[in-house]
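Using my numbering, the letters of the sequence shown correspond one by one to residues 107 to 476. Think of the CB as a built atom: it goes at the ideal place given N, C-alpha and C, for glycine as much as any other residue. What you are looking at is a predicted structure, and each value in this text was computed from that prediction instead of being measured. Working notes for the structure below.
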Amino acid sequence: MEIALSEMSTQLQNLAKESILGLQPYQPGLNAKDVGIDKELIKLASNENPIGVSQKAIEAIKSSLKNIYRYPPDRPFSLREKIAKRCGLNPQNIILGNGSDEIIELIIKAFLNPGEEVILSEPDFLIYKLAAKAAGAKIVCVSVKDFRTDLKRIKLAINNKTKLIFISNPNNPLGSYLKQGEIEDFLKDIPENVVIILDQTYIEFVQADDYPRMLEFLDKQNLILLRTFSKFYGLAGLRIGYGISNPQFIDYLNRVRLPFNVNYLAQQAAAAVLDDETFLNQTKEVVSEGKEYICNSLDKLNFFYINSATNFVTIDVRQDGREFCRRMLAYGIIVRNLKPYKLNNFVRLTIGKKEENEKFIKALLEIKDR
107 MEIALSEMST QLQNLAKESI LGLQPYQPGL NAKDVGIDKE LIKLASNENP
157 IGVSQKAIEA IKSSLKNIYR YPPDRPFSLR EKIAKRCGLN PQNIILGNGS
207 DEIIELIIKA FLNPGEEVIL SEPDFLIYKL AAKAAGAKIV CVSVKDFRTD
257 LKRIKLAINN KTKLIFISNP NNPLGSYLKQ GEIEDFLKDI PENVVIILDQ
307 TYIEFVQADD YPRMLEFLDK QNLILLRTFS KFYGLAGLRI GYGISNPQFI
357 DYLNRVRLPF NVNYLAQQAA AAVLDDETFL NQTKEVVSEG KEYICNSLDK
407 LNFFYINSAT NFVTIDVRQD GREFCRRMLA YGIIVRNLKP YKLNNFVRLT
457 IGKKEENEKF IKALLEIKDR
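Listed below in structure tokens is the structure:
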């Protein structure tokens with residue numbers, strides 16, 4: 107019996123959760139194959155480490171390959187202990203995830219009940235909205251003010267249905283950050299039934315003295331911090347991140363976490379890179395010098411950009427951002443189109459190696475007024 111395609115599509119749609127039908131899959135940064143180009147491209151779209159991978163991490167992976175036939179430790183104590191010591195905490199304050207994206211999903215599974223609301227800044231990391239909508243949550247979006255998260259308006263948006271508030275600090279995709287005093291004022295009088303999630307994905311790049319590390323608030327607030335090994339630590343391809351919170355919250359997250367969620371090689375590489383001070387210092391130096399060069403060049407060309415505390419710069423390219431990205435491809439350069447964030451004339455540029463940054467500026471000179 108033949109079934110019309112439209113009829114089958116309707117039947118299949120009826121099987122899906124209603125909360126996902128209006129969603130669009132997250133679109134990560136492109137690579138050469140995505141755009142049908144054979145040559146290697148300069149990839150400045152996904153905020154990856156500009157100098158690559160720690161040699162110590164590579165050696166740890168090589169020496170661990172013989173053990174990949176076994177399941178990895180489910181809650182690797184030694185890695186959690188190493189992370190905790192760097193933070194002045196205990197291993198019970200740490201949960202590991204398959205990237206910090208998984209921690210976001212665990213938070214939603216563990217804390218969000220039907221009918222409860224999630225407050226987000228806009229623009230902010232798209233996974234917050236995607237994961238919360240998939241769970242059927244009502245989303246309350248609060249627009250940024252002057253390219254900075256508007257904490258006062260977020261606080262005003264809290265009501266008796268609010269359960270979760272997601273804030274990236276520094277903000278992705280803007281690069282701006284919230285100061286210590288601003289966060290402290292925001293946390294005052296937050297209702298006890300509200301959980302604050304501060305995403306600190308780019309914390310290692312921040313050089314400002316007034317940036318809030320937030321560890322001192324863990325025993326005073328319903329607070330969860332998110333961090334990752336993908337950016338500064340150069341392990342994006344291994345998918346490993348972590349959450350920091352009070353032991354009771356960590357216990358709740360572990361209750362909804364699937365076993366063996368972080369693979370063995372990722373665990374070994376993460377432990378190794380934490381000890382590679384040469385690699386970490388070189389990363390800081392390359393990013394700092396590269397960002398200074400990019401910003402000075404943009405100033406000379408009279409391009410507006412958002413002051414960034416991260417390893418990326420968000421730029422008003424004075425033309426349609428998607429078209430600008432297409433033109434950059436002709437020069438073998440991939441940058442991030444920010445139309446999905448409703449920043450139509452902006453792109454996000456990852457700070458790359460010296461020669462990569464120079465090639466971007468050279469290409470910008472040629473296409474800036476088209």
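Endpoints, beta strand (DSSP E) assigned at residue i
i, result
"residue 443", "439-443"
"residue 202", "200-203"
Bridge partners - residue i, DSSP secondary structure assignment
i, result
"residue 149", "440"
"residue 422", "452"
"residue 223", "244 and 268"
"residue 447", "None; residue 447 has no bridge partner."
"residue 411", "421"
"residue 254", "251"
Limits of the unbroken alpha helix (DSSP H) element including residue i
i, result
"residue 357", "353-362"
"residue 466", "460-473"
"residue 207", "206-217"
"residue 274", "No alpha helix (DSSP H) holds residue 274; the beta strand (DSSP E) holding it covers 268-274."
"residue 259", "257-262"
"residue 379", "370-379"
Residue i, DSSP secondary structure in three states
i, result
"residue 228", "strand"
"residue 174", "coil"
"residue 392", "helix"
"residue 287", "helix"
"residue 406", "helix"
"residue 427", "helix"
"residue 181", "coil"
"residue 126", "helix"
"residue 115", "helix"
"residue 282", "coil"
"residue 249", "strand"
"residue 457", "coil"
"residue 365", "coil"
"residue 197", "helix"
"residue 157", "coil"
"residue 277", "coil"
"residue 416", "coil"
Rounded separation between residue i and residue j - CA only
i, j, result
"residue 429", "residue 470", "13 Å"
"residue 258", "residue 292", "7 Å"
"residue 221", "residue 446", "26 Å"
"residue 176", "residue 320", "37 Å"
"residue 294", "residue 333", "24 Å"
"residue 172", "residue 437", "42 Å"
"residue 310", "residue 346", "16 Å"
"residue 420", "residue 117", "43 Å"
"residue 459", "residue 125", "42 Å"
"residue 155", "residue 115", "42 Å"
"residue 395", "residue 468", "18 Å"
"residue 244", "residue 193", "34 Å"
"residue 302", "residue 329", "5 Å"
"residue 276", "residue 182", "28 Å"
"residue 147", "residue 326", "47 Å"
"residue 174", "residue 371", "8 Å"
"residue 433", "residue 383", "38 Å"
"residue 272", "residue 358", "18 Å"
"residue 413", "residue 474", "20 Å"
"residue 305", "residue 168", "31 Å"
"residue 153", "residue 441", "10 Å"
"residue 424", "residue 397", "20 Å"
"residue 340", "residue 351", "24 Å"
"residue 186", "residue 450", "41 Å"
"residue 278", "residue 455", "12 Å"
"residue 77", "residue 239", "No answer is possible for residue 77: the residues shown for the chain start at 107 and end at 476."
"residue 386", "residue 267", "43 Å"
"residue 404", "residue 369", "41 Å"
8 Å Cβ cutoff, residue i in contact with chain B
i, result
"residue 125", "Going by chain labels, chain B is absent from the structure shown, which holds only one protein chain."
Inside the segment 295-358 only - beta strand (DSSP E) runs reaching at least 3 residues = 301-305, 329-334 and 347-350
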